[in-house]
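Protein chains in written order, with the numbering used here: chain A, 1 to 143; chain B, 1001 to 1143.
Protein chains: 2
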Amino acid sequence: MENTAFRNFLGDRGLKLTKERIAILKEVFSFHGHFEPEHLYFRMKEGGSKASRASVYRTLSLLVESGLVEKVTRTEKGTVYEHTYGHRHHDHMICGVCGKIIEFYSEKLENLQKEICASNGFDGVSHTLEIRGSCQRCRKKRR
Amino acid sequence: MENTAFRNFLGDRGLKLTKERIAILKEVFSFHGHFEPEHLYFRMKEGGSKASRASVYRTLSLLVESGLVEKVTRTEKGTVYEHTYGHRHHDHMICGVCGKIIEFYSEKLENLQKEICASNGFDGVSHTLEIRGSCQRCRKKRR
DNA sequence: CGTTTAATTGATATTCAATCTCAATTTCAG
DNA sequence: CTGAAATTGAGATTGAATATCAATTAAACG
């Protein structure tokens, strides 16, 4: 469970398990899909939680460091995150018209990373592939 | 030559070819590698050019639309660009230790994009693959 | 349990890239 | 050369993200 994983992460670093951190962790894992820090903050505010904006940002950094959450992409409007604990790594297609994000996983791509790294003396730890274009729905609307 | 390409782009859109746009275009193509808007602006300022920051940003957007320049990645400190005219598309490996950026091109990856898009009803226009890890030099230093 | 101490919080100020405003200027077609 | 429309630039503005710092809190220890 992500709760335990985060608890361990904090423990290993001599960090404290505070109400705020627990609340933020819970909120992050309360739904699936992508989210932005500001939205998370306001969602929590509405939900009655009192965690400050600063704590949201600070905790988000910790969650990324712990590997429970990943930065998906940076847009003009800020950073998009998603929780990844228990989920397989995947990449994204982003529709430039409606902003829809399609997730996909490709075994071939994973192997390709290894291949490319090997031939460049690079030790690849992670990757992000972002394909931009237009989704089916938006292409149909156009005409 | 990129000059003509940009001229055509502007013409097609009924936009004007101004001194500022020319100066910015020239500066962008005066060197290779990655750059950030702010650096470009200050470099021009030192060089005696009088293009304003606003014009730099505005022209950069046009250059991206015209396909002469691409956004490479967004960092905490802003957007990184590179001119791509005359260059083949490529992707990047970023060393998390020293920040070094290694460029690479993979035919397999290009084909993979088509493949992935096809099976998702997505019309892929472009992609960015960013592999993070550590470069050879930094790994050697560690021990 | 209390104490103690270092970590954490939160309200607010601050930073900084990027965008907007709008009067003055410039391009360019006719 | 002239006029209409596009463009510029200085400065204001936005908005995400971070820094500040006094007050609070977690938790190891006795």
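By construction, the Cβ of each residue, glycine as well, lies at the ideal position given by its N, Cα and C atoms.
Just so we're clear, the structure is a prediction, and the values are computed from it rather than from any experiment.
Judging by CA-CA distance, which residue of the options is the nearest neighbour of residue i?
i	options	result
Leu1129 (chain B)	B:Ile1102, B:Gln1136 and B:Thr1018	B:Ile1102
Thr79 (chain A)	A:Phe35, A:Ser134, A:Arg139 and A:Ser119	A:Phe35
Gln1136 (chain B)	B:Cys1098, B:Phe1104 and B:Ala1118	B:Cys1098
Leu144 (chain A)	A:Glu115, A:Asp91, A:Glu46 and A:Ser61	In the structure as shown, chain A begins at 1 and stops at 143. Residue 144 (chain A) is therefore absent and cannot be evaluated.
Gly86 (chain A)	A:Ile94, A:Lys77 and A:Leu68	A:Leu68
Glu1038 (chain B)	B:Lys1108, B:Cys1138 and B:Tyr1081	B:Tyr1081
Val997 (chain B)	B:Thr1018, B:His1090 and B:Asp1091	For residue 997 (chain B) there is no data in the structure shown, the boundaries of chain B being 1001 and 1143.
Arg1058 (chain B)	B:Ile1022, B:Glu1107 and B:Ser1119	B:Ile1022
His89 (chain A)	A:Glu107, A:Asn3, A:Gly96 and A:Thr75	A:Glu107
Ile94 (chain A)	B:Ile1094, B:Tyr1105, B:Met1093 and B:Gln1113	B:Gln1113
Glu20 (chain A)	A:Thr75, A:Lys50 and A:Glu115	A:Lys50
Lys71 (chain A)	B:Glu1070, B:Glu1076, B:Lys1100 and B:Ile1116	B:Glu1076
Ile1116 (chain B)	A:Ser30, A:Gly48 and A:Leu109	A:Leu109
Lys100 (chain A)	B:Lys1100, B:Asn1111 and B:Asn1120	B:Asn1120
Hey, quick one: how far does the alpha helix (DSSP H) through residue i stretch, first residue to last?
i	result
His1127 (chain B)	From DSSP, His1127 (chain B) is part of no alpha helix (DSSP H) but of the beta strand (DSSP E) over Asp1123 to Ser1134.
Phe1006 (chain B)	Glu1002 to Asp1012
Val28 (chain A)	Lys19 to Val28
Thr1084 (chain B)	Per DSSP, Thr1084 (chain B) belongs to no alpha helix (DSSP H) and is neither H nor E.
Lys1100 (chain B)	Per DSSP, Lys1100 (chain B) belongs to no alpha helix (DSSP H) and is neither H nor E.
Leu1112 (chain B)	Glu1107 to Ala1118
Ala54 (chain A)	Arg53 to Ser66
Need the endpoints of the beta strand (DSSP E) that residue i sits in, please.
i	result
Met1044 (chain B)	Looking at the DSSP string, Met1044 (chain B) is not in any beta strand (DSSP E); the run it does join, the alpha helix (DSSP H), is Pro1037 to Glu1046.
Val69 (chain A)	Val69 to Thr75
Cys1095 (chain B)	Asp1091 to Cys1095
Phe1031 (chain B)	Element bounds for Phe1031 (chain B): n/a, residue is neither H nor E.
Could you check if residue i is buried or exposed, using at least 16 other CB atoms within 10 Å of its CB as the buried criterion?
i	result
Phe1006 (chain B)	buried
His32 (chain A)	exposed
Asp12 (chain A)	exposed
Met44 (chain A)	buried
Ala1054 (chain B)	exposed
Tyr1105 (chain B)	exposed
Leu1040 (chain B)	buried
Leu63 (chain A)	buried
Leu1015 (chain B)	exposed
Mind reading off the beta-carbon distance from residue i to residue j? Whole number of angstroms is fine, and I expect it under 8 Å.
i	j	result
Val1028 (chain B)	His1083 (chain B)	5 Å
Ile131 (chain A)	His1092 (chain B)	Actually they do not touch by this definition, with Cβ atoms about 15 Å apart.
Gly96 (chain A)	Ser134 (chain A)	6 Å
Ser1066 (chain B)	Phe1009 (chain B)	4 Å
Arg74 (chain A)	Arg1139 (chain B)	Their Cβ separation, rounded to whole angstroms, is 27 Å, which puts Arg74 (chain A) and Arg1139 (chain B) out of contact at 8 Å.
message: By the 8 Å beta-carbon criterion, what residues does the region 1099 to 1113 of chain B contribute toward chain A?
response: Ile1102, Phe1104, Ser1106, Lys1108, Leu1109, Leu1112 and Gln1113
message: So if I threshold CB-CB distances at 7 Å, which residues from the region 1116 to 1134 of chain B count as touching chain A?
response: The residues in question are Ile1116, Cys1117, Asn1120, Gly1121, Phe1122, Asp1123, Gly1124, Val1125, Ser1126, His1127, Thr1128, Leu1129, Glu1130, Ile1131, Arg1132, Gly1133 and Ser1134.
Contacting positions in the region 1060 to 1088 of chain B - beta carbon closer than 7 Å to chain A: Arg1074
message: What are the residues in the region 1031 to 1043 of chain B lying within 9 Å of chain A by C-beta distance?
response: Those residues of the region 1031 to 1043 of chain B placed with their C-beta closer than 9 Å to a C-beta in chain A do not exist.
- prompt: What residues in the region 6 to 28 of chain A bring their beta carbon closer than 8 Å to a beta carbon of chain B?
  reply: none
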